[in-house]
Structures are given as C-alpha cells and as structure tokens.
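In my numbering, the protein residues as written are 1 to 237. We put the CB at the ideal spot given by N, CA and C, even for glycine. Here the structure comes first, spelled out in structure tokens, and everything after it is commentary.
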C-alpha cells in the first residue's frame, strides 16, 4: 500500500475496498508513509453493524491525518432496510448528511458502505427503475437534498454483489445530473469457501470488482493490476 500511495502523489482521491487492513496499527504505519496530498478511504477490520470493536470501520484520511472514522456500516441488505427498525432509514440519512460527507478539491463526496446501497430499491415491473426505499415524504425530501448536494458517491464493498443489473441502475441513478458514483469491492475467489480476507487471495482480473458511473452512464477508466491491487483511474471534472 505504501508504494501505491506514493506512486500516486498527484491523485486527489483513492477509494479502497472493504477489508483493506486488519488493525489500526497498520493504518498508523500507512499514515507515516503517506504523501501529503491524497485523500483516501479504507476499512480497518470489518465495519459490520454487529461489530463492537471501537477501532474497526471505515476511515477517511487526508495526507497524514485521520479526518473521520471509524465509520460503521448501518445495514447490509434490503430486508434490514425494509424493516426500518428504530427509525433506521432516518438515522442513515443523518449519517449521510454528517459523518459520511467530506470534500476533496471542493467536490462534495459521500460514502456508502457495501449493501447500504439498499437505501434504493428497484421495481422489476418497471424495468428495474430505481426509487428511494421509503415512502415517507419527509425522508424523501431529505434524500433528494442529499442528492442535490453531492458531487461524488463512493460505494465500497467487501464481496462482489449479485443482481448487477439492478445495482448498475442504482449507481447510474446516484450519478445522474452530472454526479459520479464509484464502486469497488474486495473478493474471495474460492466459491466453496466463506469469504475471509485473511485466508483467500482475490482474483484481481475479475471484471465485477470496480464500476464507474458519471452523469447517469457507465464509464471506463484506466485499469491495471499492481502491488496486489486492481486499480482503475479516472478523471472527474
């Protein structure tokens, strides 16, 4: 990771997948060696909702300083979002409005963790058209405000997701009106083995690891595999 960050000293923003590092001491080592310019987002351990470890979660880092973190994942799938226990959706919108929001070169950026993209839903009868998951009027207004005040959405995940047709429509929806939406994921290449980043080696040439959407359409970036990372680079104007 040190090499990756220092080879890209002019890059403004790097989004890492989930399960980036295993403990906070690894992050502190990265901070000592990071360049001063780049903002990057990574995960220490796992940010799952039931993980009580106070040091694990996503971190937003600028240069040699932690800007925000740890940030915990609030929900993982549509079932949890549909139940909306304890006003989950309202709490999640509050997170998007505050701790998940930061700026890079005056671009307003927000972080979506893994299956939290289920804040959106698809209607199959309407060719998987995308809607905000809740029918509550006030929540819809808040979400529309979040969309209007975002330039880049980041969706970092732990494993490749199914139903790519639906997901691509969600990422396209988030990127409408001149916004961008970037997705990246970690990956376990042993289909018979439970995903475990400590035991499995990812297939870095798998096409479903990274996606880029800008202004409602899917885009291609410059792809390469280096230092055990799949890297896709794109300029967002």
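Residue i: first and last residue of the uninterrupted beta strand (DSSP E) it sits in
{"i": "residue 40", "result": "39-44"}
{"i": "residue 122", "result": "120-123"}
{"i": "residue 155", "result": "152-157"}
{"i": "residue 11", "result": "Run containing residue 11: none; DSSP gives neither H nor E here."}
{"i": "residue 111", "result": "107-113"}
{"i": "residue 143", "result": "Per DSSP, residue 143 belongs to no beta strand (DSSP E); it is in the alpha helix (DSSP H), 137-148."}
{"i": "residue 103", "result": "101-104"}
Beta-bridge pairing of residue i - partner residues as DSSP gives them
{"i": "residue 211", "result": "183"}
{"i": "residue 232", "result": "223"}
{"i": "residue 132", "result": "120"}
{"i": "residue 57", "result": "44"}
{"i": "residue 21", "result": "44"}
{"i": "residue 126", "result": "None; residue 126 has no bridge partner."}
Burial state of residue i, where buried means 16 or more other Cβ atoms lie within 10 Å
{"i": "residue 36", "result": "exposed"}
{"i": "residue 207", "result": "exposed"}
{"i": "residue 131", "result": "exposed"}
{"i": "residue 60", "result": "buried"}
{"i": "residue 179", "result": "buried"}
{"i": "residue 187", "result": "buried"}
{"i": "residue 67", "result": "exposed"}
{"i": "residue 123", "result": "exposed"}
{"i": "residue 137", "result": "exposed"}
{"i": "residue 233", "result": "exposed"}
{"i": "residue 209", "result": "buried"}
{"i": "residue 42", "result": "buried"}
{"i": "residue 205", "result": "exposed"}
{"i": "residue 10", "result": "exposed"}
{"i": "residue 73", "result": "buried"}
{"i": "residue 120", "result": "buried"}
{"i": "residue 141", "result": "exposed"}
Residue of the options minimising C-alpha distance to residue i
{"i": "residue 166", "options": "14, 85, 103, 125", "result": "125"}
{"i": "residue 69", "options": "183, 12, 46, 209", "result": "46"}
{"i": "residue 55", "options": "63, 81, 26, 40", "result": "26"}
{"i": "residue 51", "options": "38, 141, 64, 71", "result": "71"}
{"i": "residue 19", "options": "13, 57, 164", "result": "57"}
{"i": "residue 106", "options": "152, 4, 76", "result": "152"}
{"i": "residue 216", "options": "177, 231, 235", "result": "177"}
{"i": "residue 49", "options": "28, 92, 13", "result": "92"}
{"i": "residue 90", "options": "134, 100, 15", "result": "134"}
CB contact below 8 Å: residue i versus chain B
{"i": "residue 208", "result": "Any reference to chain B falls outside this structure, which holds one protein chain only."}
Element boundaries [alpha helix (DSSP H), containing residue i]
{"i": "residue 26", "result": "24-33"}
{"i": "residue 90", "result": "88-97"}
{"i": "residue 174", "result": "164-174"}
Which runs of the beta strand (DSSP E) spanning at least 3 residues fall entirely within the segment 59-86, listed in chain order? 65-71
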